[in-house]
Amino acid sequence: MSERIYVVTHPEATHHVDGLVGGWYDSALTPRGVIHARAIAARLRELIPTGSVPVLYTSDLARATETARPLSDVFDVEPVLLPDLREKSYGVAGGRPQAWLDTYFVPPPPAGERLDHDEGIEGAETKLEWVSRVYRAMDRITSDSEEHRIVVTHGGSLSWVVAAWQRLPISACAHVAYRAAPGSITVLEQDDVFHNRTLRTLGDLGHIL
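Going by numbering that gives the first Met the number 0, the first residue of the sequence shown is number 0, and it counts up by one from there.
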């Protein structure tokens with residue numbers, strides 16, 4: 000039997016519609032986001048074989064735990080809260096208008112030091128700090144022997160969940176990125192013959208379109 004991780008990016012949250020910086024700002028799901036969270040749970044019930052009980056991991060931010068709630072109900076499991084699955088911390092920019100961050104943010108250079116680059120925002124994580132803690136979360140998640148796991152996280156942190164699963168060195172994350180919209184499902188798989196770790200599906204939205 001192959002081993003699978005179903006990575007869920009939380010659906011629409013209040014900071015999306017209000018034009019605010021997310022990060023560690025603890026926004027909640029919108030009513031539309033709640034509907035999409037239920038649709039995600041229904042789709043994963045279809046994807047995960049009947050009789051299999053997945054382990055459910057989630058970021059501890061409200062928009063992620065609210066996404067995990069219908070999954071917990073459908074599979075009758077309690078979520079494991081992992082703060083290391085949070086989105087990047089944007090320091091003092093969290094919860095401020097996105098235009099504020101756009102004004103003061105210093106983008107990383109195309110070459111040279113990118114992981115430890117100072118983005119000019121007080122209290123913000125560097126990319127290295129962000130990636131390292133998501134990798135730490137994935138070490139925790141993959142330390143068991145479960146065949147099916149669900150991981151509820153954020154759009155930015157999804158990149159490092161995927162990179163960690165594929166065992167890319169952290170240094171590769173200076174340039175690598177995977178894009179997935181809010182409310183998406185990404186499927187990671189390790190086959191039981193070659194033990195290759197595959198990105199089977201990236202950012203599927205078929206359940207909410």
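A virtual CB, placed ideally from N, CA and C, is assigned to each residue, including glycine.
Remember, predicted model here, so these are calculated numbers, not experimental data.
Rounded Cβ spacing between residue i and residue j (contact assumed at less than 8 Å)
i, j, result
"Val105", "Gly119", "4 Å"
"Ala136", "Leu100", "Between Leu100 and Ala136 the Cβ distance is about 25 Å, and since that is not below 8 Å, they are no contact."
"Asp191", "Ser26", "Not quite, the Cβ-Cβ distance comes to about 40 Å (not below 8 Å), so this is no contact."
"Leu167", "Thr185", "No, Leu167 and Thr185 are not in contact; Cβ-Cβ is about 15 Å, not under 8 Å."
"Pro109", "His116", "In fact, because the Cβ distance is near 11 Å, the residues do not count as touching under 8 Å."
Endpoints, the alpha helix (DSSP H) within which residue i is located
i, result
"Gln97", "97 to 103"
"Gly32", "30 to 46"
"Asp138", "126 to 140"
"Val161", "157 to 164"
Residue j beta carbon less than 8 Å from that of residue i
i, j, result
"Ala40", "Leu81", "no"
"Thr8", "Ala163", "no"
"Leu187", "Val6", "yes"
"Ala171", "Ser158", "no"
"Thr57", "Ala36", "no"
"Ala61", "Gly32", "no"
"His147", "Ile47", "yes"
"Val160", "Val151", "no"
"Val16", "Leu55", "no"
Which of helix, strand or coil DSSP assigns to residue i
i, result
"Asp17", "helix"
"Val76", "coil"
"Thr57", "strand"
"Glu11", "coil"
"Val52", "coil"
"Ile120", "coil"
"Ile169", "helix"
"Glu2", "strand"
"Val91", "helix"
"Ala67", "helix"
"Arg85", "coil"
"Arg62", "helix"
Residue i burial status per 10 Å Cβ neighbour count (16 or more: buried)
i, result
"Gly22", "buried"
"Val52", "exposed"
"His174", "exposed"
"Arg132", "buried"
"Ser156", "buried"
"Leu208", "exposed"
"Arg3", "buried"
"Ala63", "buried"
"His194", "exposed"
"Val20", "buried"
"Val130", "buried"
"Glu121", "exposed"
Span of the beta strand (DSSP E) around residue i
i, result
"His174", "No beta strand (DSSP E) holds His174; DSSP gives it neither H nor E."
"Asp203", "196 to 203"
"Ile149", "147 to 152"
"Glu188", "184 to 189"
Chain B within 8 Å of residue i, Cβ atoms only
i, result
"Ala36", "No chain B appears in this structure, which consists of one protein chain only."
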